[in-house]
């Protein structure tokens with residue numbers, strides 16, 4: 001059930017990307033956002049670990 005839901009969401013997202021015809025720009029924008037988020041998250045995680053230890 002969960003996997004089917006994930007596949008459906010992925011399908012909808014890909015369909016939207018295809019329809020917009022600006023695939024490359026959108027994907028680059030998404031990866032930039034994801035990279036910033038992961039950098040922030042890892043920094044936050046490291047600080048939390050230091051406070052706990």
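Residue numbers (full-length UniProt numbering): 1 to 53.
Cβ atoms here follow ideal geometry from the backbone N, Cα and C, with glycine treated the same way.
Asked: Pop quiz: residue 27 and residue 20 are said to be a contact at Cβ under 8 Å. What is the actual Cβ separation, rounded to whole angstroms?; Found: Actually they are not in contact, since the Cβ atoms of residue 27 and residue 20 sit about 11 Å apart, beyond 8 Å.
Asked: Using DSSP with H/G/I as helix, E/B as strand and the rest coil, what is residue 53?; Found: coil
Asked: Between residue 3 and residue 11, what straight-line distance do the alpha-carbon atoms span, to the nearest angstrom?; Found: 12 Å
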